[in-house]
Amino acid sequence: MDKKTMKDSMDLIDAHFKNEGISRRDAIKLFGVGGATALMATGATTEVKASSATAKIVIIGGGLAGMSTAARFTNSLDNPDITVIEPGDIATSYQPGQTLVGGGIWEKEALVYNTDDFVPSGVTIIKEKAVEFDPDKNTVTTASGKKVGYDYLVVAAGLKLDFAKIEGLGITETITSTGDHKAVSKVVGKNGITSIYFQEGSKDTWTQMQKFIEDAKSGKKVKGIFTHPNTPIKCGGAPKKIMYLTDARLREAGARENAELTFYPNGSKMFGVAEYHNAIQRQFETRDMKWNYRHNLVGIDTEKKIATFDRHWKEKGAYDEDLEEFSIIPRSEKIETPFDFIHITPPMKAAEEIGSSPIGSSKGWVPVDKETLQHVKYKNVFALGDIAAVPMGKTGGSARKQYKVVVDNVIAMMEGKSELPSKYAGYTVCPLITSIGTVMLAEFNWTKKPTPSFPLDPTQERWIWWLLKVYALKPMTQYGMLSGRA
Amino acid sequence: MKKLNLILLSVGAVFALTGCNDGPTGEKITYAKSAQEVYDQSCKKCHGANGEGNTKKKAPALNDRQAGELELDLYDVKNGGTNQSSGTEHDIMEHNMKKLIDKGYDYDPKSMAEYIEKNFYNKEETSATEAAPTEEAPATTEATSETTAPAEETPAATETPATEEAPAKN
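So the protein lines, in turn, are chains X and V.
Just so it is clear: in the first sequence, position 42 is 42 by my numbering, and no numbers are missing.
When you read off a place in the second sequence, starting at 1, and then add 1000, the result is the number in my numbering.
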């Protein structure tokens, strides 16, 4: 960056802080508590203690969660014996950036991390899929039939996008966000049908969004719809973020009044935390973004561009003596909605080979103690990231807390300690992009109360969080998490 | 460049710093009744004396899961879903639970899950009870066969206690 750009940036920052009634000096004071050096030194990272305990550790999955875990084990053990089983070449990619690619702010190339570049030295990588799990014998079998034994197993296999659940798309396979996407991208990413939930799709979303905006600009009245399924999903905020970005891009083009934007979530709220729910509803109202709760996308007619939703509600039933209340009868009907542009957040699930294995559960997700992340049945198995059956936990921000918990607890077991020392408190962060240049940093945990890291009203949209989301989080994951330090 | 970097780094650093020491936070909630009391006085009526469930009441079995797994379900029931807008997997029970909490039958999901596992968990029955309907399975078919209200009745027109406003009341 040259001097002029630097000066312009500083002026921008000044102007912004003035708007918020804070001087730059105060802002630096506010944000400089730890100082820049803290990130570099161990201060910002948890102190890593070397342990001389030994054990064979196998990690399923080399995404952000799995690879960060591998790195931290490597840093924490004198004699690490770690194997990562990961078939994907770019599985470690930066998924939080997919929203920004979908909104035309980043190029897709900025997201692609080659898995090979992030394998910590000394870690063995097996580029295959793990297909069989035998936790009684402590072995995992790969697709080629190779049996891998372990003392400790860490499952960080992520999740599968289940577009096949949506009728009419002609998709029968599940995909991952960075794996082979052909089955999905033959229909999604074309003809106004989009999804940022896979890397290739995020690029196509931007292309389709530009067409949509062109139509609106030409004076055509257009409809954009944005869905949220009835399953747990990764990054719960992304379905809304891409809608905010569409709104922002339409305004930028001076064509907002020609577009009707509607959010169709399966649930009946914007957010599980009341403060954030209320803030988001207000933001929607201000932007004339509409919403229809209790609508689950079940089908799409790709030719006619009609989405079918299962609209559901509850009705009062007969008096229930046991409950001492009127019972509730669930009801539903199919409704059809035409669209010009649709953003699909697909149903998501655990990979079948894990979900239906002994370490899976009736819902597929790997059931672990939500605080220690230890498997509920197999004490030498841990899970983290998207595949763990942990409430609210499917974000990079959660994984950033979880991987340290897993490493601490596994090492404690290796050292023969009876207590697991480390506990995850449910921390999740959702940097909710509300326009180009503003983000509401929704931090929360299982107390279902905002848990802001900074002494600022967490329900306000701020430019400083935009900076965090667009400039700081990627290097933080790349140099902090993936090196196992922060 | 240096200054901008400094700001970005500082933001990043503080962000990375905070919460490093966040153990389970939040105020300790105390419950009027023990898990056993709540189970005996309330849950039992529909989920059975041994957590075996009751098909007629569409109450699923609770004795087919270990505490860890059950706790997550109880957490979902009490929180009305754990994703931003996914909704809950326990639509009916979420509603019922609110009513039960009003009647004083609140509980800590972890203690309740442990109580149920300790007293009722039946490993052998796991496969046998799989046939028992879950809350969701009959719900959709029920919705179409149910004749208590005309189909065109909109949710707004019903007298159903509204559950949509739930987050605001939390």
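Every residue, glycine too, gets a C-beta built ideally from N, C-alpha and C.
Item to complete: Could you tell me whether the Cβ of P232 (chain X) comes closer than 7 Å to any Cβ of chain V?
Response: yes
Discussion item. If we require 3 or more residues per run, which beta strand (DSSP E) segments fall completely within the segment 412-439 of chain X?
Written reply: 428-435
Practice prompt. Output, in chain order, the set of chain X residues within a Cβ distance shorter than 9 Å of N1096 (chain V).
Written response: D320, L323, E325, S327, I328
Worksheet entry | With 16 other Cβ atoms within 10 Å as the buried cut-off, status of S332 (chain X) | buried
Worksheet item: For K474 (chain X), which of X:K448, X:G397, X:N409, X:A425 has the nearest alpha-carbon?
Response: X:G397
Worksheet item: Which residues, in order along the segment 362-377 of chain X, keep a beta-carbon less than 9 Å from a beta-carbon of chain V?
Response: S362, K363, W365, P367, V368, D369, K370, E371, Q374, H375, V376, K377
Discussion item. Which same chain residues end up closer than 6 Å to A383 (chain X) when comparing Cβ atoms and leaving out the 5 residues on each side of it in sequence?
Written reply: V155, V366, V368
Worksheet entry | Whole-angstrom C-beta distance between I196 (chain X) and Q98 (chain X), which should lie under 8 Å | 5 Å
Worksheet entry | Nearest-angstrom Cα separation, counted from G360 (chain X) out to K182 (chain X) | 27 Å
Practice prompt. Run the CB neighbour count on V188 (chain X), radius 10 Å, all protein chains shown included, and call it buried at 16 or more, exposed below.
Written response: buried
Discussion item. On a Cα-Cα basis, can you pick out the residue from X:A164, X:N79, X:K290, X:K220 that is closest to L261 (chain X)?
Written reply: X:K290
Item to complete: Select from the segment 1054-1077 of chain V all residues with a C-beta closer than 8 Å to any C-beta belonging to chain X, and list them in chain order.
Response: K1057, R1065, Q1066, A1067, G1068, E1069, E1071, L1072, Y1075, D1076
Worksheet item: Is any beta-carbon of chain V found at less than 7 Å from that of H295 (chain X)?
Response: no
Discussion item. Quick check on the DSSP output: the beta strand (DSSP E) that includes N296 (chain X) runs from which residue to which?
Written reply: 295-301
Practice prompt. For the alpha helix (DSSP H) containing A1035 (chain V), list its first residue and its last residue.
Written response: 1035-1038
Worksheet entry | Length of the line joining the Cα atoms of F73 (chain X) and V376 (chain X) | 22 Å
Worksheet entry | Secondary structure, alpha helix (DSSP H): runs of 4+ residues fully inside the segment 138-195 of chain X | 182-185
Item to complete: Give the range of the beta strand (DSSP E) segment to which Y264 (chain X) is assigned.
Response: 259-265
Fill in: Nonlocal neighbours in the same chain, by C-beta distance under 7 Å from K220 (chain X), ignoring five residues either side
N258
Worksheet item: Roughly how far, in whole angstroms, is the beta-carbon of A1061 (chain V) from the beta-carbon of E1052 (chain V), given that I think they are within contact range, below 8 Å?
Response: 5 Å
Item to complete: Return the CA-CA distance between L250 (chain X) and F263 (chain X), expressed in angstroms with no decimal places.
Response: 16 Å
Fill in: Cβ neighbour criterion (16 or more within 10 Å) applied to P347 (chain X)
buried
Worksheet item: What is the C-beta distance between T345 (chain X) and P239 (chain X), in whole angstroms, given that I count them as a contact (C-beta under 8 Å)?
Response: 4 Å
Worksheet item: With a cut-off of 7 Å, does the C-beta of M440 (chain X) fall near any C-beta of chain V?
Response: no
Worksheet item: So, L153 (chain X) versus I175 (chain X), is the Cβ gap smaller than 7 Å?
Response: no
Discussion item. Does the segment 110-127 of chain X come into contact with the segment 83-99 of chain X, if we say contact requires no fewer than three beta-carbon pairs (one atom in each stretch) closer than 8 Å?
Written reply: yes
Item to complete: Return the chain-ordered list of same chain residues with a C-beta closer than 7 Å to the C-beta of I213 (chain X), the five sequence neighbours on each side being excluded.
Response: R249, L250, A253, A255
Item to complete: Could you give the DSSP three-state label for H228 (chain X): helix, strand or coil?
Response: strand
Item to complete: Inspect the beta-carbon positions of L420 (chain X) and T372 (chain X) and report whether they are closer than 7 Å.
Response: yes
Practice prompt. Anything in the segment 266-291 of chain X with a Cβ closer than 7 Å to a Cβ of chain V? List those residues in chain order, please.
Written response: N266, G267, S268, K269, M270, F271, G272, A274, H277, N278
Worksheet item: How about Q210 (chain X) and T194 (chain X): do their beta carbons lie closer than 7 Å?
Response: no
Worksheet item: Can N266 (chain X) and P232 (chain X) be called in contact, C-beta distance under 7 Å?
Response: no
Practice prompt. May I have a chain-ordered list of the beta strand (DSSP E) segments no shorter than 3 residues that lie completely inside the segment 1046-1107 of chain V?
Written response: none
Discussion item. Against chain X, does N1083 (chain V) count as a neighbour if the rule is that its beta carbon must be under 7 Å from one of theirs?
Written reply: yes
Worksheet item: Any idea which residues DSSP pairs W313 (chain X) with across the strands?
Response: X:R331
Fill in: Under 9 Å from the C-beta of K211 (chain X): neighbouring residues of chain V
Near K211 (chain X) there are no residues of chain V at all, since even the closest Cβ is about 27 Å away, more than 9 Å.
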